[in-house]
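Note sheet for the following structure.
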Amino acid sequence: MSDTLALTRIPLDDYAELLGAGEIEELRALAKPLRGRSMEMINSTAVGGGVAEILNRLVPLAEELDLDMKWNVMTGGEDFFEVTKSFHNALHGAPYHANSKDFEVFLAYNERNRATMPLDSEFVVIHDPQPAALIDARRPGINHWVWRCHIDLSHPNRAVWDFLEKFVSRYDGAMFSSPEFSRQLPIPQYLFYPAIDPLSEKNQELEPEFIAQTLARYQIDPQRPILTQISRFDRLKDPVGVIRAYRIVKRYFDCQLVLAGGSASDDPEGAVVLKEVLREADNDPDIRVIELPAWAPLEVNALQRASTIVIQKSLREGFGLTVSEALWKKKPVVASAVGGIPIQIIHKHTGLLAHSVEGTAYQIRFLLSHPEIAAKLGEHGHQHVKESFLITQKLKRYLTLFLTLARSS
Amino acid sequence: MIKPDRAISQNGENLLMNTAETPFEFFTVSYLTRIGNQSAGTLAELLAGLENCSDASIFHHTYQTLGSHHFLTEGFSNDFAQWVLADANRNDLAEQLAALDIRDYVSIAALRHDLCRVVGEFCVTFPNFAAQTALERFYFCESVEVTAPLGRSARTLDEFRDGIAHLSHAGFYFHFISSRLRLQLQTNDFSHWLADGLGLKTLAESVDHIDIYTNTLDSTRVKLLRLIDRERRKA
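So the sequence lines, in the order shown, correspond to chains A and B.
For the first sequence, our numbering gives the first residue as 156, with consecutive numbering after it.
For the second sequence, our numbering gives the first residue as 10, with consecutive numbering after it.
See the structure below:
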């Protein structure tokens, strides 16, 4: 019923050039006591979404360290994924009317997966709520189970959380992307950041010609300042607020604004927001609203690298990895102090935080007036990502977790 | 303890090519961050948290944060000072907290005492500010430490230099910064071994004087290697 995924090899030594040989030697030293011990990642999708994107890179890197790490994907029907989507939204605080049938569907699919998955690795990492009830398969004293929650649980729907908490509290630990997202639980809770891969298409170095071609394709002038927000057309990303901030900046600087996000064609709400954005843009020739294909990592990379300043003016945010993507490219970032963004943007050190349209505009103007400060923020931001938000650091965190769990037993 | 391969002596110190009896073993360290159950939204709550949090939490927000933010050499010292500056908007208190130098401490208890004293005195002097709500809450976290041997050791200054040149940031941090608590001495692993293992007390002192607040781990390493190279040239 479940699928074990075979993944493309990623040579670990490729990272040594970027990070230094010492960092790779360190990973090998931490991995050494874990060789011959099995570990398993379980989530609910092999493609699409941040978790799958991370596991796609993390598991091959673990294999490079001669670790026995598997990635299994649980399976479910449409009814299961409808339920888990409503759970997901409810855990984020969206309205939800508790329905006992939903809970039954959730449990039934977990039961079916439990029957077909081996779940006998020494370390089992369950990602997000969908497979949370697999914990019923745990054999006490035999292996270690941890739950990695990628969701902001600060204001969850009570009924859904009460249901899930019964399972979560039986794990050996839970990991959250921010202390703000965690709950009061009887088990240890750890901070685990999402991560970017510096060698992926979205973050790798690009030829200047490719960047120039991308700008030309979207009719963006490389000679004038470019302000960019990359995000889907979602009200929580406040694209209209970004345009309002741009208009304030525009009074003082001859700049351009790029709003680029995934296509809204298959997302009814996204299409509505896109219309609102176009209305607000009001045919301003210096505003480029770009609907990117669902998977356009090189275009995103090029637009970020071409930007003078990257903006992430979200009203609410998970972790906001687009911030790390921009920082890795040494871009000065102006972003809202919401969700996981303040973890990435240490105000006045690795970027500037803002709390309003006017504040966002002011910080952008400040950076456009002080390019030397903008450059320094970008440089520090790059270092910050290197220390904390790269896939190699994430792997290191997992190794540390497994070593800690092993030590505790 | 020291076996000189060449009997060179200057100012009472054994110089190059000494071989230490006890080798320097290179380690690295990795930290998990455990989320605590305390948070603070005001300076008064920060004080309560400082008084009650675990030693691992004080370590996390002072020693460990210096390692993970080593690249910030202007105005970043510890998480408490950064929060007071950026979220509680009290520059004066932030400055006092940032001025606490972890090199002056050999125990977490002493560091906690001074953190509480600084915040406590501010809260008494400015009770209105003590109750003001900060922009974002401060979450107390803890460090869970795992160390691992790198399988490399040094008995001579050359081997020692080579080992330092190849260390990861975390390994360098472990030996140069967090070691002060482990040793319970106002020095670091490198200086300790240079003095005790090779008898190079002057070099050991110079290494210990490198300012970790105004240098990154990389620039600290460069300075340390330069000091070692100068010592090697004396031979």
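Positions of the beta carbon are idealized from the N, C-alpha and C atoms, including for glycine.
From a predicted model like this one, the values you see are computed outputs, not experimental measurements.
Notebook entry, point to check: Start and end of the alpha helix (DSSP H) containing A/Trp300?
Noted result: Sequence index remark: in the first sequence, residue 300 of chain A carries index 145 (1-based). Run containing A/Trp300: none in the alpha helix (DSSP H); it sits in the beta strand (DSSP E), His299 to Arg303.
Check: Taking Cβ-Cβ distances shorter than 9 Å, what residues in chain B pair up with A/Phe331?
Finding: Within the first sequence, numbered from 1, the residue matching residue 331 of chain A stands at position 176. Ile44, listed in chain order.
Checklist line | alpha helix (DSSP H) segment containing A/Val432, residue limits | finding: Position 277 of the first sequence, counting from 1, holds the residue named residue 432 of chain A. For A/Val432, the enclosing alpha helix (DSSP H) covers residues Pro423 to Ala436.
Check: CB-CB under 8 Å to A/Lys551, same chain, minus the five flanking residues each way: which ones, in chain order?
Finding: Residue numbering aside, residue 551 of chain A sits at position 396 when the first sequence is read from its first letter. Here the set comprises Glu181, Leu182 and Leu185.
Notebook entry, point to check: How about the segment 479 to 487 of chain A and the segment 495 to 514 of chain A: do they share at least three Cβ pairs that are nearer than 8 Å?
Noted result: Yes: at least three Cβ pairs fall under 8 Å.
Check: If you measure from the beta carbon of A/Ile381 to each beta carbon in chain B, is any gap under 8 Å?
Finding: Here residue 381 of chain A refers to the residue found at position 226 of the first sequence. No - not a single Cβ of chain B is within 8 Å of the one on A/Ile381.
Item checked: Continuous beta strand (DSSP E) stretch holding B/Cys150: start and end -> Within the second sequence, the letter at position 141 stands for residue 150 of chain B. DSSP places B/Cys150 in the uninterrupted beta strand (DSSP E) bounded by Phe147 to Ala163.
Next item on the list: Note down the Cα distance separating A/Asn254 from A/Asn312, rounded to an integer number of angstroms.
Entry: Here residue 254 of chain A is taken as the residue at index 99 of the first sequence, counted from 1. Here residue 312 of chain A is taken as the residue at index 157 of the first sequence, counted from 1. Just so you know, the alpha carbons of A/Asn254 and A/Asn312 end up roughly 13 Å apart.
Note to self: Under 9 Å, CB to CB, which of the residues in the segment 543 to 556 of chain A have a partner in chain B?
What the structure shows: Going along the segment 543 to 556 of chain A in chain order, one finds Ser543, Lys551, Arg552, Leu554, Thr555 and Leu556 with a Cβ nearer than 9 Å to chain B.
Margin query: At 4 residues or longer, what runs of the alpha helix (DSSP H) sit wholly inside the segment 498 to 545 of chain A?
Written below: Qualifying alpha helix (DSSP H) stretches, in chain order: 512 to 524 and 526 to 543.
Notebook entry, point to check: Alpha carbon to alpha carbon, what distance is there between A/Pro295 and B/Glu83?
Noted result: If you number the second sequence from 1, residue 83 of chain B lands on position 74. If you number the first sequence from 1, residue 295 of chain A lands on position 140. Each residue's Cα considered, the two are about 50 Å apart.
Notebook entry, point to check: Once you ignore the five residues that flank B/Pro32 on each side, which residues in its own chain have a CB closer than 7 Å to its CB?
Noted result: Here residue 32 of chain B corresponds to residue number 23 of the second sequence, with the count starting at 1. Answer for B/Pro32: Ser162, Ala163 and Arg164, listed in chain order.
Margin query: Bridge partners for A/Trp483 per DSSP, in chain order?
Written below: On the first sequence, residue 483 of chain A is found 328 positions in, with the first residue counted as 1. According to DSSP, A/Trp483 bridges with nothing at all.
Check: Taking the alpha carbon of A/Val427 as the point to measure from, which residue in A/Asp389, A/Tyr373 and A/Leu354 has its own alpha carbon closest?
Finding: By 1-based counting over the first sequence, the position of residue 427 of chain A is 272. The residue with the shortest Cα to Cα distance from A/Val427 is A/Asp389.
Notebook entry, point to check: A/Tyr251 by DSSP, collapsed to three states: which one?
Noted result: Here residue 251 of chain A refers to the residue found at position 96 of the first sequence. The answer is coil: DSSP assigns A/Tyr251 none of H, G, I, E or B.
Checklist line | Beta-carbon contacts of A/Val323 that lie in its chain and below 7 Å, excluding the five residues immediately before and after | finding: Indexing the first sequence from 1 puts residue 323 of chain A at position 168. Cβ within range, chain order: Ala287, Trp302, Ala329 and Leu340.
Notebook entry, point to check: For a contact meaning CB atoms closer than 7 Å, what does B/Thr1 contact in chain A?
Noted result: Chain B is shown only over 10 to 244; residue 1 of chain B falls outside these bounds and no answer can be derived.
Notebook entry, point to check: Which residues mark the beginning and the end of the alpha helix (DSSP H) in which B/Gln91 is found?
Noted result: Position 82 of the second sequence, counting from 1, holds the residue named residue 91 of chain B. For B/Gln91, the enclosing alpha helix (DSSP H) begins and ends at Asp88 to Ala95.
Item checked: Cβ neighbour criterion (16 or more within 10 Å) applied to A/Arg372 -> As a working mapping, residue 372 of chain A is identified with position 217 in the first sequence. Residue environment analysis places A/Arg372 among the exposed positions, since fewer than 16 neighbouring C-beta atoms fall within 10 angstroms of its C-beta.
Checklist line | Rounded straight-line distance, which links the Cα of A/Lys357 to that of B/Phe169 | finding: Numbered from 1 along the second sequence, position 160 holds the residue referred to as residue 169 of chain B. Numbered from 1 along the first sequence, position 202 holds the residue referred to as residue 357 of chain A. If you take the alpha carbons of B/Phe169 and A/Lys357, they lie about 40 Å apart.
Next item on the list: Buried or exposed for B/Lys12, please, with buried defined as at least 16 other CB atoms from any protein chain shown within 10 angstroms of its CB.
Entry: Within the second sequence, the letter at position 3 stands for residue 12 of chain B. Residue placement at B/Lys12 cannot be trusted, given a pLDDT of 48 that sits under 50; what the coordinates show is reported in the next sentence. So B/Lys12 ends up on the exposed side.
Note to self: Three Cβ pairs or more, each shorter than 8 Å: is that satisfied between the segment 180 to 191 of chain B and the segment 68 to 87 of chain B?
What the structure shows: In this structure the segment 180 to 191 of chain B lies against the segment 68 to 87 of chain B, because at least three pairs of beta carbons, one per stretch, are closer than 8 Å.
Item checked: Where B/His175 meets chain A, residues with beta-carbon distance less than 9 Å -> Numbered from 1 along the second sequence, position 166 holds the residue referred to as residue 175 of chain B. What B/His175 touches in chain A: Gly175, Ala176, Gly177 and Glu180.
Notebook entry, point to check: Residues in the segment 493 to 515 of chain A with C-beta within 9 Å of chain B's C-beta atoms, listed in sequence order?
Noted result: Shown in chain order are the members of the segment 493 to 515 of chain A whose Cβ falls below 9 Å from a Cβ of chain B: Pro497, Ile501, His502, Lys503, His504, Thr505, Leu508 and His510.
Notebook entry, point to check: So is B/Phe183 in contact with chain A if we call contact Cβ pairs under 8 Å?
Noted result: Numbered from its first residue, the second sequence carries residue 183 of chain B at position 174. No, no contact with chain A.
Item checked: Under 8 Å between C-beta atoms of B/Phe147 and B/Trp92 -> Here residue 147 of chain B corresponds to residue number 138 of the second sequence, with the count starting at 1. Here residue 92 of chain B corresponds to residue number 83 of the second sequence, with the count starting at 1. Yes, the Cβ-Cβ distance between B/Phe147 and B/Trp92 is below 8 Å.
Notebook entry, point to check: From the DSSP output, which residues share a beta bridge with A/Val214?
Noted result: In the first sequence, counting from the first residue as 1, residue 214 of chain A sits at position 59. Checking the DSSP bridge columns, you'll see A/Val214 has no partner listed.
Note to self: With H, G and I counted as helix, E and B as strand and the rest as coil, what does DSSP make of A/Lys468?
What the structure shows: By one-based count along the first sequence, residue 468 of chain A stands at place 313. A/Lys468 falls in the coil class under three-state DSSP.
Check: Okay, do the segment 557 to 564 of chain A and the segment 188 to 201 of chain A touch, 3+ Cβ pairs below 8 Å being the bar?
Finding: Touching, yes, given that three or more Cβ pairs across the two stretches are closer than 8 Å.
Check: Mind checking A/Leu470: buried by the 16 CB within 10 Å criterion, or exposed?
Finding: The count along the first sequence starts at 1 and reaches residue 470 of chain A at position 315. Residue environment: A/Leu470 is assigned as exposed (fewer than 16 neighbouring CB atoms within 10 Å of its CB, all protein chains considered).
Next item on the list: Using a Cβ cut-off of 8 Å (strictly closer), state whether B/Phe85 contacts chain A.
Entry: What you label residue 85 of chain B is simply residue 76 of the second sequence in a count that begins at 1. Yes, B/Phe85 counts as interfacial toward chain A.
Checklist line | is_contact[A/Ser491, chain B] using C-beta, thresh 8 Å | finding: For the purposes of this step, residue 491 of chain A is taken as the residue at position 336 of the first sequence. Not flagged as an interface residue toward chain B: A/Ser491, since no C-beta distance is shorter than 8 Å.
Notebook entry, point to check: Within the 8 Å Cβ cut-off, does B/Val155 reach chain A?
Noted result: Sequence index remark: in the second sequence, residue 155 of chain B carries index 146 (1-based). B/Val155 counts as touching chain A.
Check: How about A/Thr299 and A/Asn198: are their beta carbons less than 8 Å apart?
Finding: Along the first sequence, one-based indexing puts residue 299 of chain A at 144. Along the first sequence, one-based indexing puts residue 198 of chain A at 43. According to the sequence displayed, residue 299 of chain A carries His and not Thr. No, the Cβ-Cβ distance between A/His299 and A/Asn198 is not below 8 Å.
Item checked: CB contact check: B/Tyr222 to chain A, cutoff 8 Å -> Residue numbering aside, residue 222 of chain B sits at position 213 when the second sequence is read from its first letter. Not closer than 8 Å to any Cβ of chain A, the Cβ of B/Tyr222 fails to qualify, so no.
Next item on the list: Inspect the CB distances between the segment 368 to 386 of chain A and the segment 456 to 465 of chain A and report whether three or more fall short of 8 Å.
Entry: Enough Cβ pairs lie closer than 8 Å, so yes.
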